[in-house]
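If you read the sequences in order, they're chains A and B.
FYI, numbering that gives the first Met the number 0 numbers position 5 of the first sequence as 4, with every residue one higher than the one before it.
FYI, numbering that gives the first Met the number 0 numbers position 128 of the second sequence as 127, with every residue one higher than the one before it.
I have placed the structure first, in the form of structure tokens, so that the comments after it can refer back to it.
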Amino acid sequence: MTESNRPHDQFAEPMETHVAPEEQTGRLPSSEQRDPRGSGDAPVVPTHEDDLTAPEAPQAPDRDSNEEVPQNIVDQTRKGEDPYLWHTGLKRPHGSTEAVEFIDVYKSFGRNTILNGLNLGIPDNQISMILGPSGTGKSVCIKHMVGLLYPDSGDVLVHGQSVPNMEDDQLFEMRKKFGVLFQDGALFGSMNLWDNVAFPLRQHTDKSEEEIAAIVNSRIGEVGLAGATDKFPNELSGGMRKRAGFARALVLDPGIVLFDEPDSGLDPVRTALLCELIKEIHDENGGAYVVITHDIMSARRVADYISVLWKGRIVEQGPASELFDSPNQFVRQFLSGEAAGPLGME
Amino acid sequence: MTGRTWLEVPKEWIASFGEIVKFGVRVIGEVLTGRVFGFFGEGLRQAGILILGSALVIFGLAFILGLTCGLEGAYFSRSVGAPAQAGIFSAWCDLREVIPYAWGYMLSAKVGTGIVAEIGAARITDEVDALEVMGISSMTFLCATRLFAAIVVFPFLYIIAIGFGFFASYLAVVEQIGEVSSGGFFLIFWMFQNPPDFLYSIIKAMAMALAIVVVGLYYGYTASGGPVGVGTATAKSMVLNTVLVHLIGMLGTQIFWGQDPRAPVGG
Numbered sequence: 000m001t002e003s004n005r006p007h008d009q010f011a012e013p014m015e016t017h018v019a020p021e022e023q024t025g026r027l028p029s030s031e032q033r034d035p036r037g038s039g040d041a042p043v044v045p046t047h048e049d050d051l052t053a054p055e056a057p058q059a060p061d062r063d064s065n066e067e068v069p070q071n072i073v074d075q076t077r078k079g080e081d082p083y084l085w086h087t088g089l090k091r092p093h094g095s096t097e098a099v100e101f102i103d104v105y106k107s108f109g110r111n112t113i114l115n116g117l118n119l120g121i122p123d124n125q126i127s128m129i130l131g132p133s134g135t136g137k138s139v140c141i142k143h144m145v146g147l148l149y150p151d152s153g154d155v156l157v158h159g160q161s162v163p164n165m166e167d168d169q170l171f172e173m174r175k176k177f178g179v180l181f182q183d184g185a186l187f188g189s190m191n192l193w194d195n196v197a198f199p200l201r202q203h204t205d206k207s208e209e210e211i212a213a214i215v216n217s218r219i220g221e222v223g224l225a226g227a228t229d230k231f232p233n234e235l236s237g238g239m240r241k242r243a244g245f246a247r248a249l250v251l252d253p254g255i256v257l258f259d260e261p262d263s264g265l266d267p268v269r270t271a272l273l274c275e276l277i278k279e280i281h282d283e284n285g286g287a288y289v290v291i292t293h294d295i296m297s298a299r300r301v302a303d304y305i306s307v308l309w310k311g312r313i314v315e316q317g318p319a320s321e322l323f324d325s326p327n328q329f330v331r332q333f334l335s336g337e338a339a340g341p342l343g344m345e
Numbered sequence: 000m001t002g003r004t005w006l007e008v009p010k011e012w013i014a015s016f017g018e019i020v021k022f023g024v025r026v027i028g029e030v031l032t033g034r035v036f037g038f039f040g041e042g043l044r045q046a047g048i049l050i051l052g053s054a055l056v057i058f059g060l061a062f063i064l065g066l067t068c069g070l071e072g073a074y075f076s077r078s079v080g081a082p083a084q085a086g087i088f089s090a091w092c093d094l095r096e097v098i099p100y101a102w103g104y105m106l107s108a109k110v111g112t113g114i115v116a117e118i119g120a121a122r123i124t125d126e127v128d129a130l131e132v133m134g135i136s137s138m139t140f141l142c143a144t145r146l147f148a149a150i151v152v153f154p155f156l157y158i159i160a161i162g163f164g165f166f167a168s169y170l171a172v173v174e175q176i177g178e179v180s181s182g183g184f185f186l187i188f189w190m191f192q193n194p195p196d197f198l199y200s201i202i203k204a205m206a207m208a209l210a211i212v213v214v215g216l217y218y219g220y221t222a223s224g225g226p227v228g229v230g231t232a233t234a235k236s237m238v239l240n241t242v243l244v245h246l247i248g249m250l251g252t253q254i255f256w257g258q259d260p261r262a263p264v265g266g
């Protein structure tokens with residue numbers, strides 16, 4: 000069994016031949032061409048060199064065939080013998096600049112390593128989704144973007160600026176670029192819906208109450224909560240709280256909007272409606288939207304760009320249309336929600 | 000060695016206490032440097048909550064304990080053949096010990112735990128993170144505003160609570176037992192206390208209040224582990240505050256009245 004037969008090596012050939020429009024014109028504008036481990040402008044190559052030294056490389060199927068993965072490979076992943084067997088780190092071009100970039104980020108909590116050499120790019124003016132099984136570090140990613148957590152090593156760049164190296168004042172200023180929708184909305188319990196949405200405007204702008212009222216009413220109207228402005232968070236349903244959180248996240252016209260599992264706790268219809276809302280508002284306002292989820296239906300509905308995260312590293316990332324056709328067995332299993340495949344219950 | 004050595008437990012206590020002190024200094028700094036005035040409205044709202052939520056309970060407790068002090072003092076002074084001296088017991092009991100301790104207990108139970116629960120709940124429902132990502136210092140908005148409210152409101156509440164205690168003692172000694180006239184009671188009552196005693200009592204009570212609020216803020220702000228974590232933090236704050244109330248009470252009595260009773264008792 001040769002090293003070239005390892006599962007992720009099957010992608011080496013298409014990556015080398017995949018040329019982005021910018022490359023064809025001789026420009027290398029964004030980090031999709033950058034080796035995430037810092038080797039400059041080298042073409043994208045699989046980055047999991049640890050695997051190259053593994054003694055028993057399993058036989059991978061032909062990437063163009065629908066052949067099932069041999070059971071020994073699946074078993075090897077499920078038993079945890081090599082948890083990064085499927086992590087090619089492949090980063091397909093997205094044709095945009097990067098709003099947020101993770102460069103070789105490591106983060107541990109006690110003995111639990113959550114991010115384990117994460118390299119991730121979030122394209123500007125697209126809806127990106129970070130998908131992955133529960134407990135793989137998706138929410139930890141969001142907290143790194145806004146400087147609520149700092150990496151143990153590595154760097155997080157927002158519009159090219161290093162978040163871990165910012166002073167407190169710079170950090171608070173940088174955070175104004177972000178709108179964040181937390182899982183349950185994170186509305187302030189002491190304020191009604193209207194005041195919750197108005198709060199960032201009152202804190203960060205010199206607008207008059209009339210101007211604030213116009214903006215707030217507009218945002219609340221967009222999310223369909225015009226009739227509930229005087230209600231307090233504990234009087235709202237889960238879906239209403241999320242929509243209110245969405246309105247609050249948008250009120251300062253942020254360039255980057257983060258959604259932490261917007262579909263959690265919602266029924267399928269309301270999830271679909273929320274996804275539609277995210278898409279509509281993104282079409283109107285633009286900016287980098289990042290949706291953290293493990294709901295595949297949501298990904299199919301709204302994602303322009305998808306990053307699959309598992310065990311603290313990117314398995315693969317690329318435009319949604321390409322990733323849903325990915326030959327990577329892990330990505331394929333996850334994006335189709337099948338039980339059979341490398342991802343088990345562990 | 001597999002187990003923990005006996006020294007590790009006290010070491011952890013000291014480390015935790017150091018963390019609380021460091022946190023407290025930071026929050027006090029937010030108030031003293033005036034950053035809290037960026038959220039003056041929130042500070043006033045917290046002051047309103049303290050007044051509406053705690054004042055009646057504190058006054059009620061002070062009144063009941065004042066009655067008790069009056070009664071016990073009246074019967075004790077009768078037992079030694081000096082019923083006219085009942086005011087001594089009322090003066091000392093109310094001003095120096097019982098009202099400050101009652102104040103400390105009530106603040107620990109009502110205000111301290113309330114702060115832990117409120118801020119802890121905000122922490123586990125991501126409200127603290129939501130503030131931070133909006134570019135607003137959660138430390139200032141959640142903690143400094145509450146400390147500011149306590150500094151504004153507590154001295155007045157305490158002074159009024161002392162008034163309730165005094166009035167209750169007067170009712171018990173003069174109106175209920177009735178073995179001393181109103182003038183006789185007040186003659187002795189005021190002879191055994193003076194303005195510095197009043198100031199010392201306020202200092203003692205405010206030291207308790209500051210400790211209780213800082214401990215509550217610390218345990219609330221650092222709460223983790225979901226609702227169970229908030230419950231655990233609330234219980235821990237109550238235990239520590241109870242200990243601190245007694246330590247401060249004992250130290251206050253020793254410092255202010257330990258060397259000099261500040262009363263005409265001779266010797």
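The beta-carbon is built from N, C-alpha and C at its ideal position, and this holds for glycine as well.
Beta-carbon proximity of residue i to residue j, cut-off 7 Å
| i | j | result |
| --- | --- | --- |
| B:G269 | B:I118 | There is no way to answer for residue 269 of chain B, as the model of chain B reaches only from 0 to 266. |
| A:L147 | A:I313 | no |
| B:F62 | B:A167 | yes |
| A:L103 | A:G159 | Sequence check: residue 103 of chain A is Asp here, not Leu. Result no, Cβ atoms of A:D103 and A:G159 do not sit closer than 7 Å. |
| A:F108 | B:D125 | no |
| B:A85 | B:G72 | yes |
| A:G184 | A:L249 | no |
| A:S161 | A:D123 | no |
| B:A210 | B:L243 | yes |
| B:F153 | B:A208 | yes |
| B:K120 | B:F191 | Per the sequence presented here, residue 120 of chain B reads as Ala, with Lys not at that position. Against a cut-off of 7 Å, the Cβ pair of B:F191 and B:A120 comes out as no contact. |
| B:S53 | B:T241 | no |
| B:G59 | A:F171 | no |
| A:L130 | A:A298 | yes |
| A:I305 | A:M128 | yes |
| B:V132 | A:R242 | no |
| A:F323 | A:L308 | no |
| B:G182 | B:A83 | no |
| B:A206 | B:W102 | no |
Same chain, Cβ closer than 8 Å to residue i, five either side skipped, listed in chain order
| i | result |
| --- | --- |
| A:I277 | I126, F245, F258, P261, Y288, V290 and V301 |
| B:I161 | A61, D93, L94, I98, F197 and S200 |
Cβ neighbours of residue i in the same chain (closer than 7 Å, five flanking residues each side left out)
| i | result |
| --- | --- |
| A:I211 | A197, L200 and R201 |
| A:R218 | V196, A246, L249 and V250 |
| B:V35 | E29, G42, T139, A143, T144 and F147 |
| A:N115 | Y105, K310, G311 and R312 |
| A:V18 | Unreliable placement is indicated for A:V18, whose pLDDT of 35 sits below 50; the coordinate value is still reported in the next sentence. Same-chain partners within the cutoff: there are none. |
| B:A46 | A148, V151 and V152 |
| A:K206 | L200 |
Residues near residue i by beta carbon distance below 6 Å, same chain, minus five either side
| i | result |
| --- | --- |
| A:S30 | Low per-residue confidence applies at A:S30: pLDDT is 35, beneath 50, and the placement is therefore not dependable, though the value from the model is reported in the following sentence. Excluding sequence neighbours, A:S30 sits near E97, E100 and G120. |
| B:E11 | none |
| B:L130 | S137 and F140 |
| B:V213 | G23 |
| B:G69 | S89, S168, A171 and V172 |
| A:D63 | Because the pLDDT at A:D63 is just 40, under 50, the model does not fix this residue reliably, and the value given afterwards should be weighed accordingly. If we look at A:D63 and ignore the five residues flanking it on each side, it has no Cβ neighbours. |
| A:F231 | N191 |
For residue j and residue i, believed in contact at Cβ under 8 Å, the rounded distance
| i | j | result |
| --- | --- | --- |
| B:L146 | B:L216 | 7 Å |
| B:F188 | B:S89 | 6 Å |
| B:V26 | B:C142 | 5 Å |
| A:K176 | A:P253 | 6 Å |
| B:G225 | B:I123 | 6 Å |
| A:N327 | A:E337 | Not confirmed; about 13 Å, so no contact. |
| B:I57 | B:M105 | 5 Å |
| A:D303 | A:A319 | 6 Å |
Under 7 Å by beta carbon: chain C residues contacting residue i
| i | result |
| --- | --- |
| A:P199 | Here the protein chains are A and B, and chain C is not one of them. |
Contact test: residue i Cβ vs the ligand SAM heavy atom, cutoff 6 Å
| i | result |
| --- | --- |
| B:L209 | Only the bare structure without any ligand can be found here, which leaves the ligand SAM out of the picture. |
**Asked** Should the segment 188 to 204 of chain A be regarded as contacting the segment 137 to 153 of chain A, the criterion being three or more beta carbon pairs within less than 8 Å?
**Response** The segment 137 to 153 of chain A and the segment 188 to 204 of chain A do not touch, with fewer than three beta-carbon pairs separated by less than 8 Å.
**Item:** Sufficient close CB pairs (3 or more, under 8 Å) joining the segment 111 to 131 of chain B to the segment 235 to 252 of chain B
**Value:** The answer is yes - the segment 235 to 252 of chain B touches the segment 111 to 131 of chain B, with three or more Cβ pairs under 8 Å.
**Prompt:** Is it true that the segment 169 to 181 of chain B meets the segment 205 to 225 of chain B, where meeting means three or more beta-carbon pairs spaced less than 8 Å apart?
**Reply:** No: the two stretches stay apart, fewer than three of their Cβ pairs being nearer than 8 Å.
**Prompt:** Can at least three beta-carbon pairs, one atom from the segment 266 to 277 of chain A and one from the segment 232 to 244 of chain A, be found at a separation below 8 Å?
**Reply:** Flag = yes, the segment 266 to 277 of chain A and the segment 232 to 244 of chain A touch.
**Request:** Could you name the residues of the segment 108 to 133 of chain B whose beta carbon sits closer than 7 Å to any beta carbon of chain A, in the order they occur along the chain?
**Result:** Listed in sequence order: T124, D125, E126, D128, A129, E131, V132 and M133.
**Prompt:** Taking Cβ-Cβ distances below 9 Å as the criterion, which residues of the segment 169 to 196 of chain A are in contact with chain B?
**Reply:** From the segment 169 to 196 of chain A, only L170, F171, E172, M173, R174, K175, F177, G178, V179, F181, Q182, D183, G184, A185, L186, F187, G188 and S189 have a Cβ closer than 9 Å to chain B.
**Interface residues of the segment 142 to 169 of chain A facing chain B [CB-CB below 7 Å]** = Listed in sequence order: V145 and L147.
**Asked** For the segment 196 to 227 of chain A, which residues have a beta carbon sitting closer than 8 Å to at least one beta carbon of chain B?
**Response** Those would be F198, P199, Q202 and H203, in chain order.
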